[in-house]
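To start, the structure under review is shown below, and the notes come after it.
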Amino acid sequence: MALESLDVRRRSATETTSPSARSSVEVAKLIDVSRCIGCKACQAACMEWNDLRDRVGETRGTYQNPPDLSDQSWTLMRFREVELPGKGLAWIIVKDGCLHCADPGCLRACPAPGAVVQFSNGVVDFHEENCIGCGYCQAGCPFNIPRFGARDGKAYKCTLCSDRLAVGLEPACIKTCPTQCLSFGAKADMLRLAAGRVRELQGRGFEEARVYDPPGVSGTHVVYVLPHGDPALYGLPREAGISPLVTLWRSTFARGLGVVTMVSVLVAGFFHWMKVGPVDPDRRADRKEE
Amino acid sequence: MTNHWTDIKNADVVMVMGGNPAEAHPCGFKWVTEAKANNHARLIVVDPRFTRTAAVADLFVQIRPGTDIAFLSGVMNYLLSNDHVQREYVAAYTNAPFVVREQYAFDDGLFSGYDEGARSYDKASWAYELGPDGFAQVDPTLRHPRCVYQLLKRHVSRYTPEVVSRITGADPARFRQVCELVASTAAPDRVMTSLYALGWTQHTVGAQNIRAMAMIQLLLGNMGMPGGGVNALRGHSNIQGLTDLGVLSDLLPGYLTVPKETEPDWKRYVEVRALKPLRPGQMSYWQNYGKFFVSLQKAWWGDAATRENGFAYDYLPKLDRLYDILAVFELMHQGRVHGYVCQGFNPLASAPNRAKVTEALSKLEFLVVIDPLRTETSEFWKNAGPSNPVDPSRIRTEVFRLPSTCFAEEDGSLTNSSRWLQWHYKGAEPPGEARGDLGIVAGIFQRVRALYQKEGGKLPDPILKLTWPYLDPASPSPEEVAREYNGRALADLPDKANPGKTLAKRGDQLTTFGLLQDDGSTASGCWIYCGSYTDQNLMARRDPADPSGLGLAPGWAWAWPVNRRILYNVASTDPAGKPWDPRRPLVRWSGEQWVGADVPDYKPDVPPSAGMRPFILNPEGVGRLFGADKLVDGPFPEHYEPFESPLSADPLHRRPAARNNPAARIFPDDRAALGSPDEFPYAATTYRLTEHFHFWTKHARIPAVLQPEQFVEIGEALAREKGIRDGDRVRVRSRRGQLEAKALVTKRIQPLQVAGRVVHTVGVPIHWGFIGLTRPGYLANALTPVVGDANVQTPEFKAFLVNVEKV
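These protein sequence lines map, in sequence, to chains G and Z.
Note that my numbering has the first sequence beginning at 1, numbered continuously upward.
Note that my numbering has the second sequence beginning at 291, numbered continuously upward.
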């Protein structure tokens, strides 16, 4: 969403220099899964603040509703029942949504100038008015987050309430979370808080507890505390990284290849014209009448 | 709650049983996560299902629905046989040393005095042995064979770990872990809090479920302690206020009781309720009953309530029988009720056996529904396909809908589980023709009174002489009513200690119920709310300051009684008046008076050496392990099977009379509608989900999106047996009705080994109906039986029988 008063650090498909006169603190949302009760208040708050209303769907053998992220659901509690060896049943409930990567695959992949921006506080935002609906951001995302509007074909996802942050408010989900599963602040503070939580959990029998801040995308601005450790249990990639295809597609080599292709087409066209001559529109029309 | 929401953060162990606060009280549950994160607390969850609370628990034990007493008695047996009790506390602050009458007996599930024909007990033998001085006899050594301590030990000795597991299906290793964790709080510096809700109350043994936990907390010395107590999580705003104000058929405001038909004399009515101390030096605070009662009558009838007419005692209706919800619908079903007013109540959805409720409502002449929403009850006559298959042409009931306001459309106070009265302000104007409930009721009253004035009547005085001092008689303001509840002096109240001075001037708002009089010189509409609205509205206070760090925040709103945040808080000190846990000092004896962070629950100037005990409302002065004659179904809790049990044989008793609660009332037609395990083999239980609030939020889009369609929860093993897959449509039937819903197949409900057989549990969430924005569904109470708790008639929604099949 546009119209914030935050400084842009990076902009998709743009070469101009970003403003750098001001500096701002890197922020992060901490999701402490051990304190999450799956109440979906964050989902409700997200819908309320962003004026989103998903459809009234169906129940499909789970408490998870709506069934997936969409242009109307930018955050979603995912419910998973898992038998853990030696520990018994765990009902793992994880808040899914954009992780706001420090090195965002979506921004790298996006060919539309200014459709994806990264603000100086680390928030990655989509500006739908610039979006061409090509779907490359989805291919670029290691976490399968962007979703496309049914009516406008444009990409949507969590903005980390950049409009609220710009006026000094916390994101809507943070404000509403009843159990402090969600915290928000300077990333350094959130990491300190997370480290304390991990220590407490390890003392409670969760020896594998860890912080999820994947280095494959240079860290994220949404950080998890995972009590059972293994990210795969929480539907998160163990090794998060940007697809090599996206890297290739936005590389100098790919651009060079593009220029070479374009020139080749021009050259080939020129010789085709020399040899065959121009297309005669009248002859085409005749054929149609037959 | 004996304690309060914020206080949960002080607990070392949080025991959630008979409730599911993460799901049904997510905002209050924050204090459990606080206790875990910052106080190293351990969370235990005991439930028939692995709930969202269990998802964050340290220890979860699955039990069969309706077997809580067996589990808790097993815990008591563990505590007593391993001596994990707070001995000093038990000896001083409970009735453990009290000697019980020789006639008291318990044999194979029945207590002494049972009359099988009447299905009730003569409770005369459930009493203390009285000495020649009229006081109860005690044995401080706890060795007397008839002292409560020994009787209790004997009573619970049958609940060995094997028996507990046989009845409840609980895993023995996990049961033992629970016992050990609970026992760890017998140390004076460790506390456990108990959080429960309708998972305990909605049983035929509901009151005894809660008593069993209260007894455990007494044995552990956790009553009165910060981080302790027995805490009812009220599930409905403003249900605490409702009970406080006596909006029940047998209660008056402030837990005073409606007189019975057999009590024509007001002096006698007061006398039997103003209990004299049973031990020397005890306060027995209910001795002041007359003051509370007379002040109530003065609030209602003012100058018309005089000493000569027994303070208008004759104006009060007298009960000829119980008029609880089950009884009223039984009478309605018999065609003996002509009109019914539903105010903030949706009985078609909320009362048991939907089919019976539909038939009953169809026999009314008129039905008035006062509600902000279109409720199922108000459209019970309208055919909505299979989920409401009625024939409107056969229903003659005239239905009046009076649209009222939502809480956000009016000023007023809400009383939460913590007993805090919190004032709130109108946030929006009501839509359309909607009016506040005060205005609606006042409007009806004005018209009824005018009719009495014009036409007279058999007994017009209670209506004609009712005080109605409001500025706009057609629409009293919430402030006026709140001030009336608080009460005021009707004459100068002389200060007996300082002659010539007054405690309050005529017309002053009173500051405490300690000032109430039984001579007609004070008025108070609800004695426990006295002090909430003095010369200022204390309910509107919003000072979060918490100097003690214990979460008391005494300047935030106002808690009854007298802004006391933790009840029985003097029990947090030892018999010398020093806090048991010096790290958590709530109150203490300073040498001259009781002081501390909370308002001491005691006479402020009585030294500990005087021997006055901290449970000042009880004539004994101590907490009751032996309930004496207070409950109708026994002085100790006993496990009885639910009225619909999946077991064909009683796993505990030989006597047929002791299979179900012998003192629970059941009407003949409802008994005939009970199912047997041959036809309905699965244990079922109903419950709430976080995404919805009862039958209201299905009218709102966001909650409808978050939980759109009705489902029932079925364990994987049962689903395999029945060939049911996730998302299949299934039919759930009981003897009384059926519903169709999606199946949610889960690992969170396991089959249990009970008394030599496998018991499957089926989970039936409520919330769906035939009106609203969610997908249309069936009312869950199509399935439930009409039988209630023996003491308070709360329906047994949590344990009944069903069968399941794929559609």
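Glycine is no exception: its CB is placed at the ideal position from the N, C-alpha and C atoms.
Q | Straight-line Cα distance separating residue 1017 of chain Z from residue 74 of chain G | A | Residue 74 of chain G and residue 1017 of chain Z have their alpha carbons spaced roughly 25 Å apart.
Q: Please report the residue range of the beta strand (DSSP E) in which residue 714 of chain Z lies.
A: It spans 710-714 - the beta strand (DSSP E) in which residue 714 of chain Z sits, taken as one unbroken run.
Q.
I'd like to confirm the pairing. Which residues does DSSP put opposite residue 384 of chain Z in its beta bridges?
A. Paired residue(s): Z/913.
Q) For residue 83 of chain G, which option in Z/994, Z/1036, Z/829 and Z/731 has the closest C-alpha, if you only look at C-alpha atoms? A) Each of Z/994, Z/1036, Z/829 and Z/731 was checked against the Cα of residue 83 of chain G, and the nearest Cα belongs to Z/1036.
Q. For residue 693 of chain Z, which residues does DSSP report across the bridge?
A. Bridge partners of residue 693 of chain Z: Z/661.
Q: Would you tell me roughly how many angstroms separate the C-alpha atoms of residue 623 of chain Z and residue 1072 of chain Z, rounded to the nearest one?
A: Roughly 16 Å separates the two Cα atoms.
Q) Assuming residue 198 of chain G and residue 209 of chain G make a contact with CB atoms under 8 Å, what is their CB distance in whole Å? A) Under the criterion of beta carbons closer than 8 Å, residue 198 of chain G and residue 209 of chain G qualify as touching, at roughly 5 Å.
(Q) Given a cut-off of 7 Å on the beta-carbon distance, is the pair residue 976 of chain Z and residue 1056 of chain Z in contact? (A) If you check the CB distance, residue 976 of chain Z and residue 1056 of chain Z come in under 7 Å.
Q.
Under DSSP, the beta strand (DSSP E) around residue 185 of chain G begins and ends at which residues?
A. Membership of residue 185 of chain G in the beta strand (DSSP E) is indicated by the continuous run 182-186.
Q: Leaving out five residues on either side along the sequence, give the residues of the same chain with a beta carbon under 7 Å from the beta carbon of residue 941 of chain Z.
A: Spatial neighbours of residue 941 of chain Z in its own chain (CB-CB distance under 7 Å, excluding positions within 5 residues in sequence) are listed in chain order as 456, 457 and 1045.
(Q) Given a cut-off of 7 Å on the beta-carbon distance, is the pair residue 473 of chain Z and residue 374 of chain Z in contact? (A) Yes; because the gap between Cβ atoms is below 7 Å, this pair is in contact.
Q: Name, please, each residue of chain G whose Cβ falls closer than 9 Å to the Cβ of residue 980 of chain Z.
A: Neighbours of residue 980 of chain Z on chain G, chain order: 37, 38, 39, 40, 41 and 63.
Q) Where residue 2 of chain G and residue 96 of chain G are concerned, what is the direct C-alpha to C-alpha distance, given to the nearest angstrom? A) Here residue 2 of chain G scores only 46 on pLDDT, less than 50, and its place in the model should not be relied on; the value that follows carries that caveat. As the crow flies, the alpha-carbon of residue 2 of chain G is around 23 Å from that of residue 96 of chain G.
Q.
As a quick exercise: from Z/936, Z/833 and Z/1000, pick the residue whose alpha carbon is nearest that of residue 970 of chain Z.
A. Distance check between residue 970 of chain Z and each of Z/936, Z/833 and Z/1000 places Z/936 closest, using alpha-carbon atoms only.
Q: Compare the C-beta of residue 227 of chain G with all C-beta atoms of chain Z and state if any pair is closer than 7 Å.
A: Put simply, the CB of residue 227 of chain G is far from chain Z, with every gap to its CB atoms at 7 Å or more.
Q) Secondary structure at residue 95 of chain G, three-state DSSP: helix, strand or coil? A) In the structure shown, residue 95 of chain G sits in a strand (DSSP, three-state: E or B).
Q | residue 1 of chain G, DSSP secondary structure in three states | A | At residue 1 of chain G the pLDDT is 47, less than 50, meaning the model places this residue with poor confidence; the figure from the coordinates comes in the next sentence. Residue 1 of chain G falls in the coil class under three-state DSSP.
Q | Range of the contiguous alpha helix (DSSP H) that encloses residue 362 of chain Z | A | It spans 358-371 - the alpha helix (DSSP H) in which residue 362 of chain Z sits, taken as one unbroken run.
Q: Compile a chain-ordered list of the residues in the stretch 1017-1040 of chain Z whose CB is closer than 8 Å to at least one CB of chain G.
A: Listed by position, the residues of the stretch 1017-1040 of chain Z near chain G (Cβ gap below 8 Å) are 1017, 1032, 1033, 1034, 1035, 1036, 1037 and 1038.
Q: Starting from residue 703 of chain Z, follow the alpha helix (DSSP H) in both directions and report where the run begins and ends.
A: Premise fails: residue 703 of chain Z lies in the beta strand (DSSP E), 702-705, not in any alpha helix (DSSP H).
Q) What separation, rounded to the nearest whole angstrom, lies between the Cα atoms of residue 181 of chain G and residue 310 of chain Z? A) For residue 181 of chain G and residue 310 of chain Z, the distance between alpha carbons rounds to 18 Å.
Q | Against chain G: residues of the stretch 313-334 of chain Z by CB proximity under 7 Å | A | So the list reads 316, 317, 319, 320, 323 and 327, given in the order they occur along the chain.
**Q.** Residues sharing a beta bridge with residue 521 of chain Z, DSSP
**A.** For residue 521 of chain Z, the beta-bridge partners assigned by DSSP are Z/485.
Q. CB-CB under 7 Å to residue 40 of chain G, same chain, minus the five flanking residues each way: which ones, in chain order?
A. Around residue 40 of chain G, the same chain offers 77 as residues with beta carbons nearer than 7 Å, after the five sequence neighbours per side are excluded.
Q) So with Cβ pairs under 7 Å, would you call residue 262 of chain G a contact of chain Z? A) Not closer than 7 Å to any Cβ of chain Z, the Cβ of residue 262 of chain G fails to qualify, so no.
Q.
My assumption, with CB atoms under 8 Å, is that residue 639 of chain Z sits in contact with residue 620 of chain Z. Please give the rounded CB distance.
A. That belief does not hold up - the Cβ atoms of residue 639 of chain Z and residue 620 of chain Z are roughly 18 Å apart, past 8 Å.
Q.
Please classify residue 1078 of chain Z as buried or exposed, where buried requires at least 16 other C-beta atoms within 10 Å of its C-beta.
A. With 16 or more Cβ atoms within 10 Å of its Cβ, residue 1078 of chain Z is classed as buried.
Q) CA-CA distance, residue 360 of chain Z and residue 832 of chain Z? A) A straight-line Cα-Cα distance of about 44 Å links residue 360 of chain Z and residue 832 of chain Z.
Q: Verify the CB distance criterion: does residue 91 of chain G have a CB-CB separation below 7 Å to chain Z?
A: At a cut-off of 7 Å between beta-carbon atoms, residue 91 of chain G makes contact with chain Z.
Q. Which ranges does the beta strand (DSSP E) cover as unbroken runs of at least 3 residues, wholly within the stretch 1008-1054 of chain Z, from first to last along the chain?
A. Within the stretch 1008-1054 of chain Z, the complete beta strand (DSSP E) runs of at least 3 residues are 1019-1023, 1028-1036, 1042-1044 and 1047-1049.
Q. Taking just the CA atoms, how far does residue 336 of chain Z sit from residue 305 of chain Z?
A. Approximately 8 Å between the Cα atoms of the pair.
Q.
Any beta carbon from chain Z within less than 7 Å of residue 47 of chain G's own beta carbon?
A. By this cut-off, residue 47 of chain G is an interface position.
Q) At a Cβ threshold of 7 Å, is residue 991 of chain Z touching chain G? A) Taking Cβ atoms only, chain G reaches closer than 7 Å to residue 991 of chain Z, which makes this a yes.
Q: In angstroms with no decimal places, state the Cα-to-Cα distance between residue 328 of chain Z and residue 25 of chain G.
A: Each residue's Cα considered, the two are about 28 Å apart.
Q.
Quick check on the burial criterion: 16 or more other C-beta atoms within 10 angstroms. Buried or exposed for residue 870 of chain Z?
A. With a 10 Å radius around the Cβ and a threshold of 16 neighbouring Cβ atoms, residue 870 of chain Z comes out buried.
Q) For residue 203 of chain G, is the classification buried or exposed, using 16 other Cβ atoms within 10 angstroms of its Cβ as the cut-off for buried? A) It is exposed - the Cβ of residue 203 of chain G has fewer than 16 other Cβ atoms within 10 Å.
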